[in-house]
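Contents: one structure, followed by commentary.
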Amino acid sequence: MASDLEWTKKTFTLNTGAKIPAVGLGTWQSGPNEVRKAVKAALDAGYRHIDTALAYGNENEVGQGIKDSGVPREEIWVTTKLDNPWHKRVEEGITSSLKSLDMDYVDLYLMHWPSSTDPDDLKKHLPDWDFIKTWAEMQKLPASGRVKNIGVSNFAIKNLEKLLNDPSCKTVPAVNQIELHPNNPSPKLLDYCKEKGIHCTAYSCLGSTNSPLAKDETLAKIAEAKGKSTAQVLLMWGLQRGTSVIPKSVTASRIEANYQLDGWSLTDEEMNKLSSLPDRFKVCGDAWLPVKVFFGDDE
């Protein structure tokens, strides 16, 4: 059974047949001059999955970090995302990302949010456009070879239903990247995606410094009993729920520690305890967007 516990070698097979590595490095909110080193440190530690986005403003450094590592491009899974004000310019969006990354292709291209924001006024939604039209454009990308798989991010059940039930939707998203941690477990959304053959990647999988998780006694006790860090326990919780995880860090020692996941797992009881934490906390809400995208229907 040892192979079941080799989490760092584990992949999840998407509805396209592609295999996404279970553990990746997230780069949201990683500052300038930090990301390049973080990406290299992650690849040196064994990671083979790097997540970025046009909106993060760090695709260039991510690309440099990948080059610095010397790991062949084809061995690395790279995800990037289409920013909200680019919804009407999908072709330009992917071209911009590939240029910044200095790559011929990405493994996964996500619609970052189901919000087609007006580029001239970020407080407004485009009157003649929505995410259904954006997806219709994204569906054309894999044929070019520059995008291997397409997916969505921050899609709740309501918006997934809207997308999947539209006649223009010919391709079921391969991935839905969503905020997932014990204070935002979203079991209904996970079940819905599983039923539709959509893999979920967990972002903000460690909660955040302001999250109730930072002070949670149940989590602390489980970590202590396991002889693991709370971050390692949170990542294991995510993996055992069948989601890939993309913890963000720019500290080499933490990046390495977050990858020390082989040879152990959580018991059903420990999993249930973490899944039953009463606190609810979202690192990333939708108040900054011109449209509502979270509806409280994911529990």
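Numbering (this note's numbering), first residue to last: 276 to 574. Backbone N, C-alpha and C define an ideal beta-carbon position, used for all residues, glycine too.
Between the Cα of residue i and those of the options, spot the shortest distance and give me the residue it belongs to.
{"i": "W404", "options": "A418, P389, L416 and P417", "result": "P389"}
{"i": "V447", "options": "L464, P460 and V427", "result": "V427"}
{"i": "S540", "options": "S344, G338, K501 and K315", "result": "K501"}
{"i": "I530", "options": "A297, E499, I425 and A317", "result": "A317"}
{"i": "D466", "options": "R516, A498, K496 and P457", "result": "R516"}
{"i": "V298", "options": "W352, K433 and G472", "result": "W352"}
{"i": "H474", "options": "A527, P296 and T327", "result": "P296"}
{"i": "L373", "options": "K433, W303, N333 and F406", "result": "N333"}
{"i": "E492", "options": "E470, L416, S551 and D572", "result": "S551"}
{"i": "E349", "options": "Q339, M378 and I369", "result": "M378"}
{"i": "T286", "options": "T354, H324 and W303", "result": "H324"}
{"i": "A431", "options": "L464, V450 and H456", "result": "L464"}
{"i": "E545", "options": "T288, A449, A495 and K398", "result": "A495"}
{"i": "F406", "options": "S391, K294 and S528", "result": "S391"}
{"i": "G292", "options": "N440, G472 and L438", "result": "G472"}
{"i": "S375", "options": "D395, E336 and G571", "result": "E336"}
{"i": "L280", "options": "K399, T542, T484 and E470", "result": "T542"}
{"i": "W303", "options": "E454, K548 and K503", "result": "E454"}
{"i": "L564", "options": "Q339, N290, G340 and H400", "result": "H400"}
{"i": "G538", "options": "K408, T518, G571 and K503", "result": "K503"}
In this structure, how does DSSP classify residue i when only helix, strand and coil are distinguished?
{"i": "M546", "result": "helix"}
{"i": "K445", "result": "coil"}
{"i": "S428", "result": "strand"}
{"i": "M413", "result": "helix"}
{"i": "D343", "result": "helix"}
{"i": "K252", "result": "Residue 252 cannot be examined here, being either before or after the span of the chain that is shown, 276 to 574."}
{"i": "S375", "result": "helix"}
{"i": "W539", "result": "coil"}
{"i": "S551", "result": "coil"}
{"i": "A562", "result": "coil"}
{"i": "L438", "result": "helix"}
{"i": "W512", "result": "helix"}
{"i": "P402", "result": "coil"}
{"i": "R348", "result": "helix"}
{"i": "K312", "result": "helix"}
{"i": "Y380", "result": "coil"}
{"i": "S486", "result": "coil"}
{"i": "D319", "result": "helix"}
{"i": "V568", "result": "coil"}
{"i": "R421", "result": "coil"}
{"i": "M276", "result": "Because M276 sits at a pLDDT of 31, beneath the cut-off of 50, its placement in the model cannot be relied upon, and the following sentence gives the value as read from the coordinates. It is coil, neither helix nor strand."}
{"i": "T370", "result": "helix"}
Just to confirm my understanding: we take residue i, look at its own chain, exclude 5 residues before and 5 after, and list those with CB closer than 7 Å. What are they?
{"i": "D343", "result": "R311 and K315"}
{"i": "Y534", "result": "T283, V298, A320, G321 and Y322"}
{"i": "E561", "result": "Looking at the sequence itself, residue 561 is Asp, so the reference to Glu does not match. Correct list, in chain order: K567, V568 and F569."}
{"i": "G301", "result": "D326, Y478, I521, P522 and K523"}
{"i": "C444", "result": "W410 and L438"}
{"i": "M276", "result": "With a pLDDT of 31 at M276, under the threshold of 50, the modelled position of that residue is not reliable, and the figure given next carries that caveat. Correct list: empty, nothing qualifies."}
{"i": "P460", "result": "S550"}
In its own chain, which residues sit with a C-beta less than 6 Å from the C-beta of residue i, not counting the 5 before and 5 after it?
{"i": "D554", "result": "N458 and P487"}
{"i": "N434", "result": "P389"}
{"i": "P394", "result": "P360"}
{"i": "N451", "result": "V427, F430, C468, I473 and C475"}
For residue i, collect the residues of the same chain with a Cβ closer than 8 Å to its Cβ; drop the 5 residues on either side in sequence, then sort them by chain order.
{"i": "A330", "result": "K356, D358, N359 and H387"}
{"i": "E367", "result": "W361"}
{"i": "V525", "result": "S305, G306, E309, V310, K312 and A313"}
{"i": "V381", "result": "V353, T354, T355, I369, S372, L373, R421, V422 and K423"}
{"i": "A506", "result": "L481, P522, R529, A532 and N533"}
So what does residue i bridge to, in DSSP terms?
{"i": "P296", "result": "T286"}
{"i": "D393", "result": "D396"}
{"i": "K523", "result": "G301"}
{"i": "A330", "result": "Answer is none; A330 lacks a bridge partner."}
{"i": "T476", "result": "Q452 and S519"}
{"i": "I325", "result": "L300 and V353"}
{"i": "L385", "result": "K356 and G426"}
{"i": "N459", "result": "H456"}
If you measure from the CB of residue i, is any heavy atom of the ligand GTP nearer than 7 Å?
{"i": "L510", "result": "In terms of ligand content, the structure shown is empty, and the ligand GTP therefore cannot be addressed."}
For a cutoff of 8 Å on Cβ pairs, would you count residue i as touching chain B?
{"i": "M413", "result": "Of the protein chains in the structure, only one exists, and it is not chain B."}
Practice task
Give a yes or no on contact between the segment 410-426 and the segment 350-366, applying the rule of three or more CB pairs nearer than 8 Å.
Solution key: yes
Exercise for the section: Report yes or no: do three or more beta-carbon pairs, one from the segment 477-484 and one from the segment 555-572, lie closer than 8 Å? Expected result: yes
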